[in-house]
Amino acid sequence: MKTVIAEKPSFAQAVAKVVGATARKDGYLEGNGYQVTWAIGHLVGLSMPQAYGFEKWSLDHLPINPDPFKLEVKNDPGIQKQFNVIKTLFENADEIIVATDAAREGELIYRYIQQLIKTPVGVPIKRLWASSNTDKAVEKALNELQPITNYDNLFYAAKARSEADWLVGINFTQGYTLASGKNKALSIGRVQTATLRLIVDRYLENSKFKSTPFFQPRVTLEHDETPFVLSCDKNFEDKGEASALVNGLKGSLSPGIRKEDKTTNEKSPLPFDLTTLQRQANSTFKYTGQRTLDIVQLLYERHKAVTYPRTDSRYLSEMQIDEVKEVLEGLQNFSINDVETNSLKKDLLNNVDKNKVFNDKKVSDHHAIIPTGEPIDLSTLKEDEKNIFLMITKGFLQTFLPDCVKINRKLSFDHQEHVFSATSFNIISSGWRVLYPEGEHSPMLPEIVEGEKKTISNVVVHEGSTKPKAIFTEASLYGYMETEGKLVQDKKLREALKEKGKGLGTPATRSGFVETLISRAYIERKGVKLMPTEIGVELINSLREISISSPEITAEWEYKLKLIEKGELDYEQFMREIRNYVNDIFPTLLESAKQIAKFQTPEEKARNVSFGNCPKCQSGEVRKGKKAFYCGNWNQEPKCDFTIWISSFNKKLSDKQVIELIKNGVTNKIKGFKSKTGKSYDAKLILDENKKVKLSFD
Numbered sequence: 001m002k003t004v005i006a007e008k009p010s011f012a013q014a015v016a017k018v019v020g021a022t023a024r025k026d027g028y029l030e031g032n033g034y035q036v037t038w039a040i041g042h043l044v045g046l047s048m049p050q051a052y053g054f055e056k057w058s059l060d061h062l063p064i065n066p067d068p069f070k071l072e073v074k075n076d077p078g079i080q081k082q083f084n085v086i087k088t089l090f091e092n093a094d095e096i097i098v099a100t101d102a103a104r105e106g107e108l109i110y111r112y113i114q115q116l117i118k119t120p121v122g123v124p125i126k127r128l129w130a131s132s133n134t135d136k137a138v139e140k141a142l143n144e145l146q147p148i149t150n151y152d153n154l155f156y157a158a159k160a161r162s163e164a165d166w167l168v169g170i171n172f173t174q175g176y177t178l179a180s181g182k183n184k185a186l187s188i189g190r191v192q193t194a195t196l197r198l199i200v201d202r203y204l205e206n207s208k209f210k211s212t213p214f215f216q217p218r219v220t221l222e223h224d225e226t227p228f229v230l231s232c233d234k235n236f237e238d239k240g241e242a243s244a245l246v247n248g249l250k251g252s253l254s255p256g257i258r259k260e261d262k263t264t265n266e267k268s269p270l271p272f273d274l275t276t277l278q279r280q281a282n283s284t285f286k287y288t289g290q291r292t293l294d295i296v297q298l299l300y301e302r303h304k305a306v307t308y309p310r311t312d313s314r315y316l317s318e319m320q321i322d323e324v325k326e327v328l329e330g331l332q333n334f335s336i337n338d339v340e341t342n343s344l345k346k347d348l349l350n351n352v353d354k355n356k357v358f359n360d361k362k363v364s365d366h367h368a369i370i371p372t373g374e375p376i377d378l379s380t381l382k383e384d385e386k387n388i389f390l391m392i393t394k395g396f397l398q399t400f401l402p403d404c405v406k407i408n409r410k411l412s413f414d415h416q417e418h419v420f421s422a423t424s425f426n427i428i429s430s431g432w433r434v435l436y437p438e439g440e441h442s443p444m445l446p447e448i449v450e451g452e453k454k455t456i457s458n459v460v461v462h463e464g465s466t467k468p469k470a471i472f473t474e475a476s477l478y479g480y481m482e483t484e485g486k487l488v489q490d491k492k493l494r495e496a497l498k499e500k501g502k503g504l505g506t507p508a509t510r511s512g513f514v515e516t517l518i519s520r521a522y523i524e525r526k527g528v529k530l531m532p533t534e535i536g537v538e539l540i541n542s543l544r545e546i547s548i549s550s551p552e553i554t555a556e557w558e559y560k561l562k563l564i565e566k567g568e569l570d571y572e573q574f575m576r577e578i579r580n581y582v583n584d585i586f587p588t589l590l591e592s593a594k595q596i597a598k599f600q601t602p603e604e605k606a607r608n609v610s611f612g613n614c615p616k617c618q619s620g621e622v623r624k625g626k627k628a629f630y631c632g633n634w635n636q637e638p639k640c641d642f643t644i645w646i647s648s649f650n651k652k653l654s655d656k657q658v659i660e661l662i663k664n665g666v667t668n669k670i671k672g673f674k675s676k677t678g679k680s681y682d683a684k685l686i687l688d689e690n691k692k693v694k695l696s697f698d
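Here it is, written out as structure tokens:
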């Protein structure tokens with residue numbers, strides 16, 4: 001019996017359909033000599049410190065350096081049951097086919113399971129590598145199975161990532177939290193802390209920016225009924241100096257005007273990788289990165305409408321030329337920007353052969369995200385699914401449309417060692433921009449004779465002010481995360497950095513890090529902006545001199561993981577570096593935590609607010625917790641158990657009402673208490689002789 005293990009039930013069902021395993025069993029599908037099961041994601045993971053005998057957080061045993069690391073099945077009855085299903089199937093298999101996601105983490109999911117189960121010696125293990133879960137793609141992958149050993153380097157890269165994150169995250173989080181004296185965990189991680197620093201540094205740069213005015217001279221020149229404006233090439237700091245440059249020009253003839261017309265061919269964009277798709281969806285629809293990832297995953301898994309989404313490539317394999325032609329020929333008609341895609345098929349098919357998108361050197365694990373060509377009824381998709389699907393389709397089609405041909409015109413003249421100029425463009429042939437019209441632009445500058453002089457009908461000094469760099473949105477943040485946390489405008493350099501793997505995280509994980517920072521209250525969303533919280537700023541300020549917060553160091557680690565994946569760096573060497581790094585940095589990290597020890601979190605500030613003297617013990621101060629007001633002597637000797645629940649008798653009490661009760665032992669009549677049956681009534685609250693809260697109807 002051949003046993004196939006997929007990462008998720010959806011892909012298991014896709015494989016089962018192709019191999020004929022139609023009988024449903026408990027945790028797997030069976031038939032035609034196959035048993036197809038699934039892993040439910042990261043079913044097995046690295047054990048926590050408790051497995052090594054470290055039950056409590058303590059500086060006495062930090063840093064922890066497991067060697068080797070222990071593995072364990074997640075502590076969940078459903079997951080443990082599925083693990084036992086897989087174990088039984090593996091132990092009785094004649095051949096194992098690994099069909100977890102064709103990527104680094106998918107490889108790790110299977111290898112960790114294999115290490116715990118220890119499959120019988122001699123059982124052949126093969127790897128299925130599919131770019132989509134359509135019947136055709138799965139069938140092709142089954143015919144091209146590879147020995148699992150071909151993917152050992154991919155596993156070692158995933159293993160190194162997993163263990164490095166454990167060593168940094170566990171040791172630095174526990175050590176920093178303990179040294180800070182805070183009773184809430186202050187999470188530090190290999191990628192998340194460097195990402196937080198990007199957000200904090202941009203926020204601080206923006207908030208400290210001092211805007212300064214500038215002045216730009218501009219002249220209006222007459223031309224029939226279409227006057228045009230030329231602007232000076234310099235912005236002056238002094239308004240008087242700017243005005244002096246154009247004083248006396250009004251009503252005079254301009255110097256001879258130069259005209260430069262240049263025809264340019266604007267090449268079509270490449271199809272999307274995941275990060276580019278997330279950035280575009282954030283800019284266009286305001287979708288978060290995680291939302292876009294969830295949507296495209298659904299389009300891939302459930303609808304089989306697009307190829308594997310967690311890719312970092314915007315190119316296609318040279319072997320896909322015929323496949324692309326087939327997809328284009330069979331693609332159903334869609335209306336995109338009022339253009340019927342069927343009307344473009346001739347141009348599309350004429351531009352497939354020798355297209356720049358086919359480049360084996362720029363395709364790693366997976367090619368760009370493209371439509372599979374499977375029929376899809378757009379009316380069955382939710383609005384956000386439809387938006388993302390059409391965005392991917394448009395990105396794919398644009399690649400195979402002709403260049404957009406433009407005439408760029410520049411008019412200019414010289415005046416007192418300065419150049420006054422203006423530019424405009426006119427589209428001669430829309431090409432790929434028929435699907436992606438350009439934004440608003442100024443009308444084409446007029447046709448004039450080279451050297452012609454025009455009457456200057458008006459002069460103005462435009463006043464503007466310098467602007468700070470914008471607060472990060474997810475769209476702009478992901479761009480920085482791709483390129484070592486640097487602003488890289490040049491497309492070729494951006495591609496070079498991406499190819500080297502020098503980024504923060506991977507396309508599949510970047511949105512997850514943003515969500516993690518939000519869940520840990522280090523940042524928050526304000527509209528589409530990512531703003532750091534007070535604690536987020538303080539954390540980075542305390543770690544600023546430590547390399548764990550450096551985007552460059554984190555990008556270098558990601559680069560080394562890529563080298564392991566390629567077989568160009570040894571896993572053991574990388575792990576020695578990480579272990580040494582953790583040991584070397586740890587004392588400095590503890591010292592830095594003293595800085596944040598002085599900072600009070602909002603929760604700590606709230607806990608330190610006194611709501612009056614305790615009416616029971618008479619010596620403690622009443623504080624406010626999440627669910628109740630309590631005496632500050634609750635943990636002192638003698639202990640005081642005075643408590644007022646914030647929600648009493650099915651009504652939430654205000655701070656004012658609680659203060660009144662503590663001070664006077666009774667409140668005024670309060671409206672809106674509710675009985676167990678939901679009936680509303682009014683009453684006073686009193687403290688009885690034991691200082692317990694009671695109702696009074698007097």
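Per the UniProt record's numbering: the sequence shown = residues 1 to 698. Glycine included, every Cβ here is placed at the ideal spot set by N, Cα and C. Since we're looking at a predicted model, the values are computed, not measured.
Taking just the CA atoms, how far does residue j sit from residue i?
i: residue 301; j: residue 137; result: 13 Å
i: residue 106; j: residue 100; result: 5 Å
i: residue 244; j: residue 252; result: 15 Å
i: residue 634; j: residue 526; result: 38 Å
i: residue 496; j: residue 483; result: Confidence at residue 496 is low in this model, with a pLDDT of 47, below 50, so its placement is unreliable and no value can be given for it.
i: residue 23; j: residue 581; result: 52 Å
i: residue 310; j: residue 274; result: 6 Å
i: residue 25; j: residue 84; result: 14 Å
i: residue 9; j: residue 158; result: 22 Å
i: residue 611; j: residue 662; result: 8 Å
i: residue 549; j: residue 591; result: 15 Å
i: residue 255; j: residue 218; result: 14 Å
Give the DSSP-derived three-state secondary structure of residue i in the structure shown.
i: residue 424; result: strand
i: residue 146; result: strand
i: residue 567; result: coil
i: residue 656; result: helix
i: residue 677; result: coil
i: residue 690; result: coil
i: residue 574; result: helix
i: residue 214; result: strand
i: residue 128; result: coil
i: residue 682; result: strand
i: residue 319; result: helix
i: residue 555; result: helix
i: residue 493; result: Here residue 493 scores only 48 on pLDDT, less than 50, and its place in the model should not be relied on; the value that follows carries that caveat. Reduced to three states, the DSSP call for residue 493 is helix.
i: residue 610; result: coil
By the DSSP assignment, the beta strand (DSSP E) with residue i in it spans what residues?
i: residue 436; result: That residue, residue 436, is in no beta strand (DSSP E); it is neither H nor E in DSSP.
i: residue 674; result: 670 to 674
i: residue 643; result: 643 to 645
i: residue 524; result: 523 to 526
i: residue 463; result: 456 to 465
i: residue 622; result: 622 to 624
i: residue 629; result: 628 to 631
If I follow the unbroken alpha helix (DSSP H) through residue i, where does it start and stop?
i: residue 106; result: 104 to 117
i: residue 607; result: 602 to 607
i: residue 535; result: 534 to 543
i: residue 480; result: 474 to 482
i: residue 79; result: 77 to 91
i: residue 518; result: 510 to 519
Would you call residue i buried or exposed, if buried means 16 or more other Cβ atoms sit within 10 Å of its Cβ?
i: residue 48; result: exposed
i: residue 698; result: exposed
i: residue 575; result: buried
i: residue 351; result: buried
i: residue 682; result: exposed
i: residue 281; result: buried
i: residue 493; result: With a pLDDT of only 48 at residue 493, under the threshold of 50, the placement of this residue in the model should not be trusted; the figure read from the coordinates follows. The residue in question, residue 493, is exposed, as its Cβ has fewer than 16 Cβ neighbours within 10 Å.
i: residue 558; result: buried
Inside the stretch 345 to 420 only - beta strand (DSSP E) runs reaching at least 3 residues: 404 to 415
4 or more residues per run - each alpha helix (DSSP H) lying fully within the stretch 227 to 315: Within the stretch 227 to 315, the complete alpha helix (DSSP H) segments at least 4 residues long are 239 to 246, 274 to 285, 289 to 301, listed from N- to C-terminus.
Length-filtered (3 minimum) beta strand (DSSP E) runs lying within the stretch 130 to 198: Taking only runs of at least 3 residues, no beta strand (DSSP E) segment lies wholly in the stretch 130 to 198.
3 or more residues per run - each beta strand (DSSP E) lying fully within the stretch 6 to 52: 23 to 25, 28 to 31, 34 to 38, 44 to 46
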